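Engineer: I am attaching a structure below and will ask some questions about it afterwards.
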Amino acid sequence: MPEIEPLPLASLTTLQTGAAPTRMIDAHTTAELVDALREVWADGDEWLVLGGGSNLFVGDEPFEGTVIRVLTSGIEKLPSPHEGRTRLRVQAGHNWDDLVAFTVAEGLAGVEAMSGIPGTVGAAPVQNVGAYGQEIQETLVEVEWIDEATGDVTVAAASELGLGFRTSVLKHHYGDVPQRRAVILSVTLDLAEVGDAGRKVQGAQLRRALQLEGDDPVPLAWVRDQILATRAAKGMLLNPADADTHSAGSFFQNAIVSEAFARTLPPECPRWPVTPDLDAVTVIPLERFDGYVPAPVPVQKDVKVSAAWLIEQAGIRKGFALPRSRASISTKHALALTNRGGATAEEVAELARFVQGRVQAEFGLVLQPEPVLVGVAL
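The UniProt record's numbering puts the first residue of the sequence shown at 1, with every later residue one more than the last.
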């Protein structure tokens, strides 16, 4: 189990904040990862598992515990019980975008719209990563994980993860603790075999992003190229030379609100239904039909609204920074809080609080942070 000289977390996270922790372990194999976790848990130490560091906001004070870097990698092709599909079992430390590139090269569809998302495969189910209407829960079959309470390694079906909009039972929500204290070791996906011909793009959000009008199949490689170009234009594709990419991605979640609350927002605020709006069908057995058909019961549906739109309409423009601060809103995307070079975690937090306050004052809505916060508070 290779213990190394602790590195500053600012050098290992995309937001570039955080001091060196007390202790650091590099786990290059699943066995090393399991051994490290069991040892730390047995000692009762504070611990933090670190993958790509792309969805993490770390405070300025040193983390007083052990940081375990997940550096495992590997993709295993497996048969699927479903005709025309293939399963991939992927190690938790494998780079997510490298996995997407692999699936596109193999003609396997299901994650191509998530091209360019930074981070590792093991972190993807933790917050149910997604982009342009595609989410990992659509292809996730199961995960192999190790439980802190028992130290046992088991396999859990996707249905056990409590997957929702950018959440799961494993996620550390701001101000709360995860429902399940466990670490993912591997992830298994079930993907459609489409080959070079590609497939029809169904989702409205993805079709808009790709500017598609017809229903002809499009190659997966073309979809990937278009998504990568779109993300790069928004500063959401990691580039050491571009300070707009020195961020934790989207810092605030698109808000999930009730239909009633959504109606209080300006009509031009972008919004999307969280669940499909299906026509209700009432089935009454013929032997019990008395000629009366009950009126349908109204169901309150949730709506997802654009956090980026709310931020800009609250008067915070791209590139905005507080006086004398080295943190700013990205010049390309209103949802990204960026480190322009040497910004402290407190400078980023101060900007985040300012954004939250302006949006709440203007629209009565408190935006919630998307990254996991370690040693920092908003």
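Where is the CB? At the ideal position from N, CA and C, for every residue including glycine. All values derive from a computational prediction rather than experimental measurement.
Just curious, the beta strand (DSSP E) that PHE57 is in, first and last residue?
Structural biologist: It spans 56 to 58 - the beta strand (DSSP E) in which PHE57 sits, taken as one unbroken run.
Engineer: One question on the structure: do ALA182 and LEU170 come within less than 8 Å of each other, judged by their Cβ atoms?
Structural biologist: For ALA182 and LEU170, yes; Cβs fall inside 8 Å.
Engineer: Tell me which same chain residues have a C-beta within less than 7 Å of the C-beta of VAL141, skipping the five on either side of it?
Structural biologist: Only ARG87, ALA158, THR188, LEU189 and ASP190 meet the Cβ criterion.
Engineer: Apart from the five residues just before and just after ASP147, which ones in its own chain have a Cβ nearer than 6 Å to its Cβ?
Structural biologist: Cβ neighbours of ASP147 beyond the five flanking positions: ALA182.
Engineer: So, under 8 Å CB-CB, SER186 and ALA92 are touching, yes? Tell me the CB distance rounded to an integer number of Å.
Structural biologist: The pair is a contact, with the Cβ atoms about 6 Å apart (cut-off 8 Å).
Engineer: Looking at the structure shown, is GLY195 part of a helix, part of a strand, or coil, going by DSSP?
Structural biologist: DSSP places GLY195 in helix when its eight states are reduced to three.
Engineer: Report, in whole angstroms, the separation of the C-beta atoms of THR338 and ASP244, which I expect to be a contact under 8 Å.
Structural biologist: Yes, they are in contact, since the Cβ atoms of THR338 and ASP244 sit about 6 Å apart, within 8 Å.
Engineer: Taking the straight line between their C-alpha atoms, what separation do you get for VAL40 and GLY151?
Structural biologist: Distance between the alpha carbons of VAL40 and GLY151 is about 11 Å.
Engineer: What residues in its chain sit with their C-beta under 7 Å from that of ASP176, if we drop five residues either side in the sequence?
Structural biologist: None.
Engineer: Tell me which same chain residues have a C-beta within less than 8 Å of the C-beta of ALA204, skipping the five on either side of it?
Structural biologist: Excluding residues within five positions, the ones whose Cβ falls inside 8 Å are GLY133.
Engineer: By alpha-carbon positions, which one of GLY162, LEU161, GLU144 and GLU160 ends up nearest to THR154?
Structural biologist: That would be GLU144, whose Cα lies nearest to the Cα of THR154.
Engineer: So, at 6 Å on beta carbons, what are the nonlocal neighbours of LEU9 in its own chain, with the 5 sequence-adjacent residues on each side left out?
Structural biologist: Around LEU9: GLY18 and VAL58.
Engineer: The alpha helix (DSSP H) that contains LEU228, what's its start and end?
Structural biologist: LEU228 -> alpha helix (DSSP H) spans 220 to 233.
Engineer: Please state whether the Cβ-Cβ distance between PRO369 and PHE251 is less than 8 Å.
Structural biologist: Yes. Within cutoff.
Engineer: Would VAL372 and HIS172 qualify as a contact pair, given that the criterion is a beta-carbon distance under 8 Å?
Structural biologist: Closer than 8 Å, so yes.
Engineer: In the DSSP assignment, the alpha helix (DSSP H) including VAL104 goes from what residue to what residue?
Structural biologist: VAL104 -> alpha helix (DSSP H) spans 96 to 105.
Engineer: Spatial neighbours of LEU7 within its chain, please: CB distance less than 8 Å, with the 5 preceding and 5 following residues excluded, ordered by chain position.
Structural biologist: If we look at LEU7 and ignore the five residues flanking it on each side, its Cβ neighbours are ALA20 and MET24.
Engineer: Can you tell me the Cα-Cα spacing of LYS301 and SER258, whole angstroms?
Structural biologist: Each residue's Cα considered, the two are about 6 Å apart.
Engineer: In the DSSP assignment, what are the bridge partners of LEU337?
Structural biologist: Paired residue(s): ILE329.
Engineer: Would you say LEU238 and THR14 are within 8 Å of each other, going by their C-beta atoms?
Structural biologist: Yes, these two residues count as a Cβ contact at 8 Å.
Engineer: Output the distance between the C-alpha atoms of LEU365 and SER54, rounded to the nearest integer angstrom.
Structural biologist: The straight-line gap from Cα to Cα measures roughly 26 Å.
Engineer: Whose CA, out of ALA105, ALA31, MET236 and PHE102, lies closest to the CA of ALA131?
Structural biologist: Nearest of ALA105, ALA31, MET236 and PHE102 to ALA131, Cα basis: MET236.
Engineer: Between SER330 and VAL376, what straight-line distance do the alpha-carbon atoms span, to the nearest angstrom?
Structural biologist: Going from the Cα of SER330 to the Cα of VAL376 covers about 21 Å.
Engineer: Counting only the same chain and skipping the five closest in sequence on each side, list residues whose C-beta sits under 8 Å from that of VAL126.
Structural biologist: Cβ neighbours of VAL126 beyond the five flanking positions: SER168, LEU170, LYS171 and ILE184.
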